[in-house]
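Read through the structure below, which is laid out as structure tokens, and then see the notes.
In the working numbering, the protein residues as written are 1217 to 1365.
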């Protein structure tokens, strides 16, 4: 199972997701362009000290990412079709999240195999992307028996 981030904007959120992925044994795909520089200095500044413990793959764009996908793309979206507790996950799923500011374009929605929404109270806009990644990864790992030993 992997977490994929489509054109992430905020380095701190990526850092939090990398930490979650490292602790849970998940890989991370970063689909460029990103809203921040990917450098040793930027990584240190944004708390990405766990980057060495994660299988991170950077992709130049959406097309290069899709070309290497082998499992299902499960899009986490506020416009999801399946509520999280009804979603059925597989061990080779890629949990995809859009950029913090713009989400994902229609072509990404269309290419996704499953679209999942985290149920929230009425009137709430969305959860932080790193919180959403943790919530959905936990449920997906629970269902697939993928928690670290």
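Note that CB positions come from ideal geometry on N, CA and C, so glycine has one too.
In this text, all values refer to a predicted model and were calculated from it rather than measured experimentally.
Contacts around residue i, its chain only, beta-carbon distance under 6 angstroms, and the 5 residues preceding and following it disregarded
| i | result |
| --- | --- |
| residue 1310 | 1218, 1220, 1287, 1289 |
| residue 1331 | 1291, 1293, 1296, 1297 |
| residue 1226 | 1316 |
| residue 1346 | 1229, 1232, 1233 |
| residue 1305 | 1356, 1359, 1360 |
Exposure label - residue i; buried when at least 16 CB within 10 Å
| i | result |
| --- | --- |
| residue 1280 | exposed |
| residue 1284 | exposed |
| residue 1224 | buried |
| residue 1336 | exposed |
| residue 1313 | buried |
| residue 1229 | buried |
| residue 1356 | buried |
| residue 1339 | exposed |
Distance between residue j and residue i (C-alpha atoms, nearest Å)
| i | j | result |
| --- | --- | --- |
| residue 1327 | residue 1266 | 30 angstroms |
| residue 1246 | residue 1275 | 6 angstroms |
| residue 1321 | residue 1303 | 22 angstroms |
| residue 1299 | residue 1352 | 11 angstroms |
| residue 1361 | residue 1324 | 28 angstroms |
| residue 1365 | residue 1242 | 13 angstroms |
| residue 1342 | residue 1319 | 11 angstroms |
Cross-strand partners of residue i (DSSP beta bridge)
| i | result |
| --- | --- |
| residue 1243 | 1218 |
| residue 1301 | In the DSSP output, where bridge partners are listed per residue, residue 1301 has none listed. |
| residue 1282 | Partner(s): none; residue 1282 has no beta bridge. |
| residue 1319 | 1315 |
| residue 1310 | 1218, 1289 |
| residue 1330 | 1290 |
Sequence-distant residues of the same chain with beta carbon closer than 7 angstroms to residue i, five excluded per side
| i | result |
| --- | --- |
| residue 1269 | 1238 |
| residue 1307 | 1217, 1360, 1362 |
The alpha helix (DSSP H) enclosing residue i, as first and last residue numbers
| i | result |
| --- | --- |
| residue 1327 | 1322-1327 |
| residue 1358 | 1345-1360 |
Range of the contiguous beta strand (DSSP E) that encloses residue i
| i | result |
| --- | --- |
| residue 1291 | 1289-1292 |
| residue 1274 | 1272-1275 |
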